[in-house]
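A.B. asks: Each residue of the sequence shown is one higher than the last, beginning at 1055 in the numbering used here. In this text, a Cβ means the ideal position worked out from N, Cα and C, and glycines have one as well. Remember, predicted model here, so these are calculated numbers, not experimental data.
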Amino acid sequence: MGFRGAWNKRNKLIEDLDTFLKLYKKTQKAYKKVRKVEFSNNDELIENAKKRYQEIWDEFRAFVNKKAWVDPKLWATIRKMNQTGDRKVVKTYSRDSQVISEFVNHTIAVHNGKTFVPIYITPEMVGHKLGEFAPTRTFRSHPDKSAKVVKKK
């Protein structure tokens, strides 16, 4: 999707977090049921579970479509911290979550594949993805030219 798509969605947030969380949990539950039923030999049962999951998934996608994606657990944690006034570091693996205005002045530790990189959220970061601020690869500088010349001789 890239930066442009995320930037266009920055003001189109999901208004009702509770409904969003309910749908998210319902989707996860339906998916687990499909995975559980796949081990049985009853084709009709498998088909019904997949059909039900697809209906729930479509409902969830319609609710979320054209809106900024934020991991529901991360969002709920930040909301609780805003209400209580806590300023603890929140660890997350969700690199694809978009930074929203509620995250400003919080420190979020984003996983880069090896460690958690702490990121202090500023207003300029709103609209970007969390993964943009935690690079997954480290750049080791190019070798000196003098070292190459010495090797060849």
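DSSP three-state label for Tyr-1078, please.
C.D. replies: Correct three-state label for Tyr-1078: helix.
A.B. asks: For Ile-1100 and Phe-1093, what's the separation of their Cα atoms in angstroms?
C.D. replies: 9 Å
A.B. asks: Under 7 Å, do Phe-1114 and Thr-1081 count as touching if we go by C-beta distance?
C.D. replies: yes
A.B. asks: According to DSSP, is Pro-1177 helix, strand or coil?
C.D. replies: helix
A.B. asks: Using a Cβ distance threshold of 8 Å, determine whether the segment 1149-1157 contacts the segment 1172-1188, with at least three qualifying pairs required.
C.D. replies: yes
A.B. asks: Indicate the three-state DSSP secondary structure (helix, strand or coil) for Ile-1154 in the structure shown.
C.D. replies: coil
A.B. asks: Report yes if the C-beta distance between Phe-1170 and Lys-1199 is below 7 Å; otherwise report no.
C.D. replies: No. Outside cutoff.
A.B. asks: According to the neighbour-count rule (16 or more other Cβ atoms, all chains shown, within 10 Å of its Cβ), is His-1160 buried or exposed?
C.D. replies: buried
A.B. asks: Pick from Val-1124, Glu-1186, His-1165 and Ala-1188: whose alpha carbon is nearest that of Phe-1157?
C.D. replies: Val-1124
A.B. asks: Rounded to whole angstroms, what is the Cα-Cα separation between Asn-1166 and Glu-1098?
C.D. replies: 42 Å
A.B. asks: Using 6 Å as the cut-off, classify the Cβ of Arg-1133 as near or not near the heavy atoms of the ligand SAM, replying yes or no.
C.D. replies: The ligand SAM is not among the ligands present in this structure, which contains no ligands whatsoever.
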